[in-house]
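A.B. asks: In order, the protein sequence lines correspond to chains A and B.
Numbering of the first sequence is given in numbering that gives the first Met the number 0, commencing with residue 0 and proceeding in unit increments.
Numbering of the second sequence is given in numbering that gives the first Met the number 0, commencing with residue 0 and proceeding in unit increments.
Backbone N, C-alpha and C fix where the C-beta goes; we use that ideal spot for every residue, glycine too.
Number of protein chains: 2
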Amino acid sequence: MKIAISGKGGVGKTLLASMLSKIFAESGYSVIAIDADPDSNLAANLGFPQAEEITPISEMKELVEERTGAKPGKTEIYFKLNPKVDDLPEKYCREHNGIKLMVMGQVKRGGSGCYCPENVLLQALVNHLLLARNEVVILDMEAGIEHLGRGTARAVDKLIVVVEPGRRSLETACRIGKLAQDIGLQNVAVVGNKIRSKSEKEFLISNLPGFEFLSFIPYDQAIVDADLANLPILDSSQRIMAAVKDIYQALLPTAEAPVTN
Amino acid sequence: MKIAISGKGGVGKTLLASMLSKIFAESGYSVIAIDADPDSNLAANLGFPQAEEITPISEMKELVEERTGAKPGKTEIYFKLNPKVDDLPEKYCREHNGIKLMVMGQVKRGGSGCYCPENVLLQALVNHLLLARNEVVILDMEAGIEHLGRGTARAVDKLIVVVEPGRRSLETACRIGKLAQDIGLQNVAVVGNKIRSKSEKEFLISNLPGFEFLSFIPYDQAIVDADLANLPILDSSQRIMAAVKDIYQALLPTAEAPVTN
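(1) Determine, for Lys7 of chain B, whether the minimum Cβ-Cβ distance to residues of chain A falls below 8 Å.
(2) Does Lys99 of chain B come out as helix, strand or coil in the three-state DSSP assignment?
(3) Mind checking whether Met101 of chain B and Pro116 of chain B have CB atoms under 8 Å apart?
(4) Which residues of chain A have a Cβ atom closer than 8 Å to the Cβ of Ala142 of chain B, listed in chain order?
(5) Express the C-alpha separation of Leu124 of chain A and Gly148 of chain A in angstroms, rounding to a whole number.
(6) Can at least three beta-carbon pairs, one atom from the stretch 11-18 of chain A and one from the stretch 225-242 of chain A, be found at a separation below 8 Å?
(7) Note down, in chain order, each residue of its chain lying with its Cβ closer than 6 Å to the Cβ of Glu294 of chain A, except the 5 sequence neighbours on either side.
(8) Beta strand (DSSP E) containing Gly6 of chain A: first to last residue?
(9) Would you please verify whether the beta carbon of Leu227 of chain B is less than 8 Å from any beta carbon of chain A?
(10) Are the stretch 161-175 of chain A and the stretch 32-51 of chain A touching by the rule of at least three beta carbon pairs closer than 8 Å?
(11) Give the DSSP-derived three-state secondary structure of Asn186 of chain A in the structure shown.
(12) According to the neighbour-count rule (16 or more other Cβ atoms, all chains shown, within 10 Å of its Cβ), is Met0 of chain A buried or exposed?
(13) Could you name the residues of the stretch 154-177 of chain A whose beta carbon sits closer than 7 Å to any beta carbon of chain B, in the order they occur along the chain?
(14) Around the Cβ of Leu203 of chain A, are there at least 16 other Cβ atoms within 10 angstroms (buried) or fewer (exposed)?
(15) Leaving out five residues on either side along the sequence, give the residues of the same chain with a beta carbon under 7 Å from the beta carbon of Gly109 of chain A.
(16) In terms of residues, what are the limits of the beta strand (DSSP E) holding Lys79 of chain A?
(17) With 16 as the cutoff for other CB atoms within 10 Å, does Ser196 of chain A come out buried or exposed?
(18) Against chain A, which members of the stretch 204-226 of chain B pass a CB distance test of less than 8 Å?
(19) Could you spell out where the beta strand (DSSP E) holding Ile204 of chain A opens and where it closes?
(20) Tell me whether Gly148 of chain B sits in a helix, a strand or coil according to DSSP, three-state version.
(21) If the cut is a Cβ gap below 9 Å, which residues of chain B does Phe47 of chain A touch?
(22) On the criterion of 16 or more Cβ atoms from any shown chain inside 10 Å, does Arg238 of chain B qualify as buried, or is it exposed?
(23) Can you look up Arg93 of chain A in the DSSP assignment and give me helix, strand or coil?
(24) Pull up the DSSP beta-bridge partners for Phe212 of chain B, would you.
(25) Distance cutoff 8 Å, beta carbons only. Does Glu51 of chain B sit that close to anything in chain A?
(26) Along the stretch 11-33 of chain B, where does the CB come closer than 7 Å to a CB of chain A? Name the residues.
(27) Considering only the beta carbon of each residue, do Ile232 of chain B and Phe215 of chain B sit closer than 8 Å?
(28) Would you call the stretch 131-143 of chain B in contact with the stretch 3-12 of chain B, where contact means no fewer than 3 C-beta pairs closer than 8 Å?
(29) Comparing alpha-carbon positions, which option in B:Arg66, B:Asn118, B:Leu128 lies nearest Cys92 of chain B?
(30) Pull up the distance between the alpha-carbon of Ser111 of chain A and that of Ile182 of chain B, whole angstroms please.
(31) Spatial neighbours of Ser135 of chain A within its chain, please: C-beta separation below 6 Å, excluding the five flanking residues on both sides.
(32) Which first and last residues belong to the beta strand (DSSP E) in which Asp245 of chain A is found?
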């Protein structure tokens with residue numbers, strides 16, 4: 000079971016990724032959660048201790064150099080385009096509450112040289128996780144599907160695009176839908192988040208014709224308050240958790256039987 | 000006057016960028032607004048007609064090839080690292096309501112080769128706009144400051160980091176603050192957005208020690224409703240516009256006298 004989650008910044012991708020990870024793990028599945036959005040913090044949402052101190056793969060300079068043959072930050076001309084990565088999940092996954100986590104980090108752009116080696120390593124790692132692992136893989140992405148390609152599209156059981164009642168999030172969803180089509184990814188579904196009223200729900204449905212809606216998650220101030228009070232996010236809203244459990248149930252028909260940890 | 004705006008996805012960077020652009024333009028300044036966040040739509044916020052149809056610079060394949068000597072999408076080994084860009088603002092700015100707009104677009108990463116030529120062109124263009132232009136330049140960025148470097152840090156009169164009441168936006172602000180320090184950018188200030196209560200304001204202040212707060216913008220459902228009803232965002236909330244005018248006033252001491260259009 001491979002689930003990729005995308006959508007505009009701020010719509011709640013990481014919340015959905017962390018809640019789905021928790022539900023799959025508690026249901027007996029072996030889960031690898033992948034933080035591929037440098038503008039979020041999946042580790043913190045999952046309650047990992049010292050979440051800020053986890054070194055992302057892209058910042059492991061020696062590893063990048065060892066596997067690609069290119070020194071990060073230098074404009075190297077030759078490096079390996081197919082670095083060895085199959086041992087990396089075991090070496091660099093953190094584990095907490097039965098959920099394995101990999102933090103991919105940012106591919107730096109511009110200014111100080113060509114950083115492609117990190118990119119090549121991350122890409123190979125995501126490919127490996129999607130194509131060659133038996134776990135439930137939950138990929139929390141940026142506002143795009145840069146981590147996916149024609150080669151991995153068939154491995155993704157569901158690309159969930161999160162939207163909120165706001166036009167910009169719909170534009171991002173349409174852009175993602177087109178990118179998905181371009182790489183042959185068919186299994187795209189939308190989740191509407193932060194829904195305050197029936198009219199907001201209808202707004203999303205009427206403005207995204209042609210998209211399958213998987214579910215709607217209500218707005219709940221309790222989750223904002225828990226965040227401000229520094230309380231665990233995942234336990235702060237039963238209403239939201241119930242809605243995400245519905246999403247889990249909807250995803251299940253495509254899931255394999257639980258893999259024993 | 001060069002203003003760069005950053006912050007976590009969804010906090011309201013584009014709203015602030017568009018309102019500031021409008022206020023500067025209405026005050027007689029010549030304004031170039033730069034959309035450097037592919038996950039937003041500054042053109043739509045500014046009311047440009049057919050905002051979705053503007054081709055971003057990074058997707059102008061012939062231009063990228065002409066200026067850098069490298070074909071986008073190909074793993075070219077040699078290309079110009081200092082492409083000519085000083086004629087591009089005149090050629091590729093759109094104008095609406097007295098505001099010039101450049102849409103930079105996305106630097107694609109991974110999957111299908113090395114896309115550095117687009118990146119080099121965008122970088123050179125941003126450098127030019129910050130270092131060699133007399134207009135008020137308002138740069139709407141992603142959740143980072145990838146478009147800035149040591150060479151442009153001194154040209155930025157103010158880097159505004161937008162935050163909202165939520166811990167993830169504070170983490171992003173701290174990360175941006177560190178990146179700014181790394182490149183010697185001193186003029187960093189925070190704007191708190193979507194403020195619903197005094198306690199939310201205090202939450203932001205107490206959790207961002209060492210940051211200068213420029214202003215606070217209240218939450219106003221009117222702006223969400225206007226967006227859903229497809230009405231002009233910029234005219235939808237007098238409360239928010241008044242708060243952004245305060246920010247404009249606070250920025251003014253560093254601004255040059257208006258440049259006649």
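C.D. replies: Straight from the coordinates:
(1) yes
(2) strand
(3) no
(4) Gly8, Pro37, Asp38
(5) 13 Å
(6) yes
(7) The shown model of chain A, from 0 to 260, leaves out residue 294 of chain A, and the question about it has no answer.
(8) 1-6
(9) yes
(10) no
(11) coil
(12) buried
(13) Pro164, Gly165, Arg166, Arg167, Glu170, Thr171
(14) buried
(15) Confidence is the limiting factor: at Gly109 of chain A the pLDDT is only 35, short of 50, which leaves the residue's position unreliable and the question unanswerable from this model.
(16) Note, Lys79 of chain A: premise wrong, no beta strand (DSSP E); not H, not E.
(17) exposed
(18) Val223, Asp226
(19) First-last for Ile204 of chain A: 197-206, but that is the alpha helix (DSSP H), not the beta strand (DSSP E).
(20) coil
(21) Under the 9 Å cutoff, chain B gives no residues; its nearest Cβ is about 14 Å from Phe47 of chain A.
(22) exposed
(23) strand
(24) B:Val189
(25) yes
(26) none
(27) no
(28) yes
(29) B:Leu128
(30) With a pLDDT of only 33 at Ser111 of chain A, under 50, the local geometry of the prediction cannot be trusted, and no value is derived from it.
(31) The sequence given here has Val at residue 135 of chain A, not Ser. Hits under 6 Å: Met0, Phe23, Tyr28, Val30.
(32) Taken as a continuous stretch (DSSP letters only), Asp245 of chain A belongs to no beta strand (DSSP E), being part of the alpha helix (DSSP H) at 237-250.
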